[in-house]
Structures are given as structure tokens and as C-alpha cells.
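Written below as C-alpha cells is the structure these notes are about.
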Amino acid sequence: MIENIGGVTSQLVNLALDVASLRQQVIAHNIANANTSGYQPQKVSFENILEQASVLTMDSPTERQLTEQLKSIERKLHNGDLIEDINTNSISLDEQMVELTENVIQYKALLEARSKFGSLVKMAINEGK
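Structure, rendered in C-alpha cells:
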């Protein structure tokens, strides 16, 4: 129950952190295999799946609907369904390094948001003291 203290927003941040971690692994794998003949580069497509989430396009979805949609996306993450092949046989190390840097920045921003939320919870527990 304590993991749901932040509601849907907290769940989404946690899911985004998990996706960023997976993206880091996939990019590192692409870089490590850049010179391997026949290697098929991959990418993580979290944003596309998030955009396709039908509940997010509703006028006023309930928290339950949003939570169910997030759980569905989380299942896809753990099943490896967010990883897809890139239709190319060559890997640009420069592009992969840019993606890696972008991912690190996003991850740090998500951690900062999570930290701020933790500070708010701590303040609420301590009754603002």
C-alpha cells in the first residue's frame, strides 16, 4: 500500500524510471555490438506506447482506469514488448551516444521529481516541521 502513496503520478514516474533503465541497457548493448556483423540494433519505444494508451485520451479518466493502463504498460515492459528492432544494419556511435546522454538527463530529472515528492511526504509525516 505504501508504494501507492503518490497515486498515479508516482506510479508513472516509477514506470518511467524503469523504462529509462531498460533504455540505458539497450543503448549500451547497441554500442557494445556496433562492430558485430549481422547485429540488429534495438530501441525502447515507451513514448509510442504511452501515446497509444486509450485511457489517456479520455476527458476525465478515473484513477482506477489510469492505474490499470499503467499496469498494462508495466507488463509490456517486463515482457520485453517495449524493445523493438531498428530497421538498419549499421549503428551510428555518435547517435547512440546522444541517445545515451539524453537518457541520463531524463533519468536524473525523474529522480529529482521522485526526490521532491519524497520530501513532501516527509514534511506531511512530520506535520510541516
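Per my numbering, the sequence shown starts with residue 2, numbered consecutively. All C-beta atoms in this analysis are idealised placements derived from N, C-alpha and C, irrespective of residue type, glycine included.
With burial defined as no fewer than 16 other Cβ atoms inside 10 Å of the residue's Cβ, what is the status of residue i: buried or exposed?
i    : result
I126 : exposed
A17  : buried
E128 : exposed
Q41  : exposed
A21  : buried
Taking the alpha helix (DSSP H) that residue i belongs to, which residues open and close that run?
i    : result
I32  : 8-33
Q53  : 47-53
Q107 : 94-126
Q66  : 64-80
Between the beta-carbon of residue i and the beta-carbon of residue j, is there less than 8 Å?
i    : j   : result
I87  : K44 : yes
N104 : Q25 : yes
E85  : I28 : no
V9   : L67 : yes
Residue i and residue j look like a contact to me (Cβ under 8 Å); what is the Cβ gap, rounded to whole Å?
i   : j   : result
I50 : L83 : 6 Å
I14 : R76 : In the sequence as presented, Ile is not what sits at residue 14; that position holds Val. With a Cβ gap of about 18 Å, V14 and R76 do not count as contacting.
Q97 : N31 : 5 Å
L71 : Q12 : 5 Å
I need the boundaries of the beta strand (DSSP E) containing residue i, first residue and last residue.
i   : result
E85 : 84-86
Residues bridged to residue i by DSSP?
i   : result
Q43 : D86
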